[in-house]
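Q:
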Amino acid sequence: MSDIFDLKITVQAEHIDTLNHVNNVVYVSWMQDVATAHIEALGLGLKEYIELKHAMVAVEHHVQYRKAAVEGEEIILRTWLNDINALYSFRQYVFYRPKDKAILFTGNTQWACIEIATGRPKRMSPTFTQAYQPIADSLNPLDFSAYDL
210 MSDIFDLKIT
220 VQAEHIDTLN
230 HVNNVVYVSW
240 MQDVATAHIE
250 ALGLGLKEYI
260 ELKHAMVAVE
270 HHVQYRKAAV
280 EGEEIILRTW
290 LNDINALYSF
300 RQYVFYRPKD
310 KAILFTGNTQ
320 WACIEIATGR
330 PKRMSPTFTQ
340 AYQPIADSLN
350 PLDFSAYDL
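In terms of the working numbering, the sequence shown is residues 210 to 358.
Following this line, the structure appears as structure tokens:
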């Protein structure tokens with residue numbers, strides 16, 4: 210069983226667009242960043258992908274932009290796995306601003322397992338299915354009380 214994973218960041222100048230808030234594509238980049246950090250924490254990062262000769266690739270994203278973030282703000286990028294089958298894992302995201310307890314962004318990604326050499330779909334190995342378990346039903350991924358001031 211995997212856990213909820215948090216990555217704390219501070220919005221930098223390069224994240225800001227001409228409207229003086231975080232650009233939409235940056236949020237998608239942050240989805241990738243927090244997912245990568247999570248799989249590394251699970252012990253199944255790029256090095257292990259190469260050794261196992263298969264990897265997970267994004268095949269579908271859904272995103273919802275809820276509130277703007279600006280330079281200098283601290284943001285919590287949260288992710289967790291909520292489902293898995295032989296070929297796919299399903300990951301959720303919530304980006305939270307502790308300063309005002311605001312949810313800025315929600316999203317989800319469907320990830321597919323592929324064989325690296327061919328790019329073709331491949332059933333996940335036991336190493337993958339053991340690491341990519343959904344969080345327990347008893348966990349509330351929207352509980353950010355640990356960050357409340």
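Heads up, the beta-carbon is just placed ideally off N, CA and C, and yes, glycines get one too. Here the structure is a predicted model, which is why all the values come from computation and not from measurement.
How would you call Q301, buried or exposed, if buried means at least 16 neighbouring beta carbons within 10 angstroms?
A: Position 92 of the sequence shown, counted from the first residue, corresponds to residue 301. Q301 should be labelled buried.
Q: With distance defined between alpha-carbon atoms, name the residue in I344, P343, A345 and C322 nearest to S334.
A: The residue labelled residue 334 in the question sits at position 125 within the sequence shown. Of the listed residues, the one whose Cα sits closest to S334 is C322.
Q: Determine, using beta carbons only, whether I284 and V237 come nearer to each other than 9 Å.
A: By 1-based counting over the sequence shown, the position of residue 284 is 75. By 1-based counting over the sequence shown, the position of residue 237 is 28. No, they are not a contact pair.
Q: R287: buried (16+ other C-beta within 10 angstroms of its C-beta) or exposed?
A: The residue you call residue 287 lines up with position 78 of the sequence shown. Looking at its Cβ environment, which holds 16 or more other Cβ atoms inside 10 Å, R287 is buried.
Q: Name the residue from E257, D309 and Q342 whose alpha carbon lies nearest to the alpha carbon of A278.
A: By 1-based counting over the sequence shown, the position of residue 278 is 69. Ranking the options by Cα distance to A278, first place goes to D309.
Q: Leaving out five residues on either side along the sequence, give the residues of the same chain with a beta carbon under 7 Å from the beta carbon of K262.
A: In the sequence shown, counting from the first residue as 1, residue 262 sits at position 53. So the qualifying residues of the chain are E324, I325 and A326.
Q: Do you know offhand how far Y274's Cα is from M240's?
A: Here residue 274 refers to the residue found at position 65 when the sequence shown is read from its first residue. Here residue 240 refers to the residue found at position 31 when the sequence shown is read from its first residue. Each residue's alpha carbon lies about 13 Å from the other.
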